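Colleague: This is the structure I have questions about; it appears just below.
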Amino acid sequence: MNFSDLRSILQYVPQFRGRTFVVALDGAVIDSPDFSNILLDLAVLRSLNIKVVLVHGAAAQIEALGAKRHVPLSNIDGTGVTDEATLEVSMDAITRLSNSVMQSLTTVKLKAATANAIHAHPAGIIKGIDAGFTGTIEKIDGSVLQSFLDQDILPVVPPLGFDADGQTLRVNSDAVAREVATALDAAKVIFVSTEDPRAVLIDRQHQWSGEDAISFIDSHPALSVGMVSKLRHAARATRDGVPRVHLISSRSEDALLSELFSNEGVGVMVYSDAYQKVRPATRGDIDELYLLIHRAIEDEQLIDRSRSDIQGAIEDYIVLEIDGNVVGCVAVHPYPGSAKAELACLYVKKGHTGQGYGSILVGAAIDRAKKLGSGNLFALSTQAAGYLERAGFTRSEDLTLLPEERREKWATNGRNAVLLIRNLR
Ligand SMILES: CC(C)(COP(=O)(O)OP(=O)(O)OC[C@H]1O[C@@H](n2cnc3c(N)ncnc32)[C@H](O)[C@@H]1OP(=O)(O)O)[C@@H](O)C(=O)NCCC(=O)NCCS
Numbered sequence: 005m006n007f008s009d010l011r012s013i014l015q016y017v018p019q020f021r022g023r024t025f026v027v028a029l030d031g032a033v034i035d036s037p038d039f040s041n042i043l044l045d046l047a048v049l050r051s052l053n054i055k056v057v058l059v060h061g062a063a064a065q066i067e068a069l070g071a072k073r074h075v076p077l078s079n080i081d082g083t084g085v086t087d088e089a090t091l092e093v094s095m096d097a098i099t100r101l102s103n104s105v106m107q108s109l110t111t112v113k114l115k116a117a118t119a120n121a122i123h124a125h126p127a128g129i130i131k132g133i134d135a136g137f138t139g140t141i142e143k144i145d146g147s148v149l150q151s152f153l154d155q156d157i158l159p160v161v162p163p164l165g166f167d168a169d170g171q172t173l174r175v176n177s178d179a180v181a182r183e184v185a186t187a188l189d190a191a192k193v194i195f196v197s198t199e200d201p202r203a204v205l206i207d208r209q210h211q212w213s214g215e216d217a218i219s220f221i222d223s224h225p226a227l228s229v230g231m232v233s234k235l236r237h238a239a240r241a242t243r244d245g246v247p248r249v250h251l252i253s254s255r256s257e258d259a260l261l262s263e264l265f266s267n268e269g270v271g272v273m274v275y276s277d278a279y280q281k282v283r284p285a286t287r288g289d290i291d292e293l294y295l296l297i298h299r300a301i302e303d304e305q306l307i308d309r310s311r312s313d314i315q316g317a318i319e320d321y322i323v324l325e326i327d328g329n330v331v332g333c334v335a336v337h338p339y340p341g342s343a344k345a346e347l348a349c350l351y352v353k354k355g356h357t358g359q360g361y362g363s364i365l366v367g368a369a370i371d372r373a374k375k376l377g378s379g380n381l382f383a384l385s386t387q388a389a390g391y392l393e394r395a396g397f398t399r400s401e402d403l404t405l406l407p408e409e410r411r412e413k414w415a416t417n418g419r420n421a422v423l424l425i426r427n428l429r
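The following block contains the structure:
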């Protein structure tokens, strides 16, 4: 690792320090060889003063114990019917698993305690069938969890709830993670499973809004039950105020840390609105914009601009922010009197390309030009003509279509850029 990698990792630390992360592990992850790495990563998070709550599932262990005892199970993930025999197997499997998780945490010198923090009631009749001992979460006892966190104790939350009569109920761990995160005002939920979400959720973009996640589920009926559950809870959590929910595979190397300490991560992230923002640039962005584009200027992808050029036209610029960092920009220069506007300075930072951000910026530029009342938007490009053609621009050789002052600049700056036009009416 070099120092610039370290710098880019450390930039995240101040915003995470003192915040709560809910890490939700599928039972299968705890039995896998990847678990020891996850334990080390949890210790790193704690050393950075990030508060961690561990929620675990137990479907794999319940299934295995049911098979060993020859008990036919009515449901293993806490979403269907839990009959009495299944509840008994589930309670045994979950209790053993929680204990084993606690033991493992002590091997990385983390103090931990199991917390019975889930108030639930019987789910009742679902689709005409009595769900038996399956519970619906009513409330999370946030004060119990918070008091553990305040004492530097990592709470381990098993997927069991208790009703007002003290009856134990089986609850789904994905739902537990979401409810715990909402109750503790957590900064993140991180779902870790053995399934690779990037392989399953084949999509160019790995950051989704809650709405994207739901429409993806609706249009992909073959998704696994586990993935659907995580995406649904992720969408709901972001609606309930959790800023980010990550889905990662325990199998990718350094999964937890890579996902958290890089902008693009290794998994899939569902975000609340604040994560990705397209906004008009302000004077405070001038230095960042200049630093952002100067490499592209050196490579002659963009026309030369000084700081004062940017400053003089700052109200023309639009920036794209990811997680509070500016990663792309575009400018729309109006030509008053000609009903034309120029799309210029389109740039997406290296390391962030190929995620659709360029097309988001082009879309924002088109919207801005329409608002300005422009009948067409033109661009002069040396190296991205093909890109703009894909975005609906058409090449033209007819330079008389340019506003006069721009035509003169084209003729004298020696870039020999290609003219592209998009009709806005
Ligand atoms: C051009 C640029 C803005 C695209 O940003 P981006 O966020 O990667 O774009 P998107 O994610 O929307 O689109 C990616 C697609 O465009 C293609 N693409 C990227 N740059 C391209 C180019 N210069 N010419 C043709 N296609 C290009 C990619 O290959 C990718 O194709 P795929 O969907 O088939 O995989 C970015 O590469 C950039 O900043 N380039 C340097 C500056 C520049 O040339 N700006 C244009 C000035 S007019």
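Residues in the sequence shown are numbered consecutively from 5, following our numbering. All residues carry an ideal CB built from backbone N, CA and C; glycine is no exception. In this text, all values refer to a predicted model and were calculated from it rather than measured experimentally.
1) For Gln-211, name the three-state secondary structure that DSSP assigns.
2) Going by DSSP, what residues sit across from Thr-398 in a beta bridge?
3) His-60 and Leu-91: beta carbons closer than 8 angstroms?
4) Going by alpha carbons, who is nearest to Glu-215 out of Gly-367, Ala-238, Ile-144?
5) How long is the line joining the alpha carbons of Leu-260 and Ala-343, rounded to whole angstroms?
6) Closest to Thr-404 by C-alpha separation, out of Ile-425, Leu-153, Ile-66, Phe-137, would be which residue?
7) Note down, in chain order, each residue of its chain lying with its Cβ closer than 8 angstroms to the Cβ of Thr-110, except the 5 sequence neighbours on either side.
8) With DSSP as the reference, label Ser-276 as helix, strand or coil.
9) Pull up the DSSP beta-bridge partners for Ala-343, would you.
10) Between Ala-190 and ligand 1, is there a pair consisting of the residue's CB and a ligand heavy atom that are separated by less than 7 angstroms?
11) Under the DSSP definition of a beta bridge, which residues are partnered with Pro-284?
12) Identify the continuous beta strand (DSSP E) that holds Leu-296 and give its terminal residues.
13) Which same chain residues end up closer than 8 angstroms to Thr-86 when comparing Cβ atoms and leaving out the 5 residues on each side of it in sequence?
14) Within the present structure, is the beta-carbon of Ser-385 separated from the nearest heavy atom of ligand 1 by less than 7 angstroms?
15) So what does DSSP say about Arg-240, is it helix, strand or coil?
16) Is any non-hydrogen atom of ligand 1 found closer than 7 angstroms to the C-beta of Val-352, if you look at the structure I gave you?
17) Taking 7 angstroms as the cut-off, is the C-beta of Leu-306 nearer than that to any heavy atom in ligand 1?
18) Given Thr-83, which residues of its chain have a CB within under 6 angstroms of its CB, disregarding the five upstream and five downstream residues?
19) With a threshold of 8 angstroms, are at least 3 pairs of Cβ atoms found where one atom belongs to the region 328-347 and the other to the region 356-375?
20) Which residues in the same chain have their Cβ closer than 8 angstroms to the Cβ of Ser-328, if we skip the five residues on either side of it in sequence?
21) Can you list, in chain order, the residues of its chain with a C-beta nearer than 6 angstroms to that of Leu-251? Leave out the 5 residues immediately preceding and following it.
22) Using 8 angstroms as the threshold, is the region 403-419 in touch with the region 370-378, meaning 3 or more CB pairs across them?
Modeller: Looking at the coordinates:
1) Along the sequence shown, read from residue 1 onward, the residue named residue 211 stands at position 207. Looking at Gln-211 - three-state DSSP - the assignment turns out to be strand.
2) Within the sequence shown, numbered from 1, the residue matching residue 398 stands at position 394. According to DSSP, which records beta bridges pairwise, Thr-398 is partnered with Ile-425.
3) Within the sequence shown, numbered from 1, the residue matching residue 60 stands at position 56. Within the sequence shown, numbered from 1, the residue matching residue 91 stands at position 87. Contact flag unset, no.
4) By 1-based counting over the sequence shown, the position of residue 215 is 211. When each option's Cα is compared against that of Glu-215, the closest is Ala-238.
5) Within the sequence shown, the letter at position 256 stands for residue 260. Within the sequence shown, the letter at position 339 stands for residue 343. Whole-angstrom Cα-Cα distance: 51 angstroms.
6) The residue labelled residue 404 in the question sits at position 400 within the sequence shown. Comparing Cα positions, the closest option is Ile-425.
7) The residue you call residue 110 lines up with position 106 of the sequence shown. Only Ala-116 meet the Cβ criterion.
8) One-based indexing of the sequence shown puts residue 276 at position 272. It is coil, neither helix nor strand.
9) Against the sequence shown, residue 343 aligns to sequence position 339. In the DSSP assignment, Ala-343 is bridged to no other residue.
10) Taking the sequence shown and counting its residues from 1, the one referred to as residue 190 is at position 186. Ala-190: no, Cβ never under 7 angstroms from ligand 1.
11) Mapped onto the sequence shown, residue 284 falls at position 280. According to DSSP, Pro-284 bridges with Ile-322.
12) In the sequence shown, the residue the question calls residue 296 occupies position 292. Unbroken run through Leu-296 is the alpha helix (DSSP H), 290-302; no beta strand (DSSP E).
13) Indexing the sequence shown from 1 puts residue 86 at position 82. Taking C-beta separations shorter than 8 angstroms and ignoring five residues to either side along the sequence, the partners of Thr-86 in its chain run Ser-78, Asn-79, Ser-94, Ala-135, Gly-136, Phe-137, Thr-138, Leu-173, Arg-174, following chain order.
14) Taking the sequence shown and counting its residues from 1, the one referred to as residue 385 is at position 381. Answer for Ser-385: yes, Cβ within range of ligand 1.
15) The residue labelled residue 240 in the question sits at position 236 within the sequence shown. DSSP, reduced to helix, strand and coil, places Arg-240 within a helical segment of the structure shown.
16) Indexing the sequence shown from 1 puts residue 352 at position 348. Flag set: Cβ of Val-352 near ligand 1.
17) For the purposes of this step, residue 306 is identified with residue 302 of the sequence shown, where counting begins at 1. Yes - ligand 1 has a heavy atom lying nearer than 7 angstroms to the Cβ of Leu-306.
18) Here residue 83 is taken as the residue at index 79 of the sequence shown, counted from 1. Taken in chain order, the residues that qualify are Asn-176.
19) Touching, yes.
20) For the purposes of this step, residue 328 is taken as the residue at position 324 of the sequence shown. Residue 328 is actually Gly in this sequence, not Ser. Within its own chain, the residues whose Cβ lies closer than 8 angstroms to the Cβ of Gly-328, once the five positions on either side in sequence are excluded, are Gln-19, listed in chain order.
21) Residue 251 sits at position 247 when you count from the first residue of the sequence shown. Counting only Cβ-Cβ distances below 6 angstroms, and skipping sequence neighbours, we find Phe-195, Pro-201, Lys-234, Gly-271, Val-272.
22) At 8 angstroms Cβ cutoff, the stretches do not touch.
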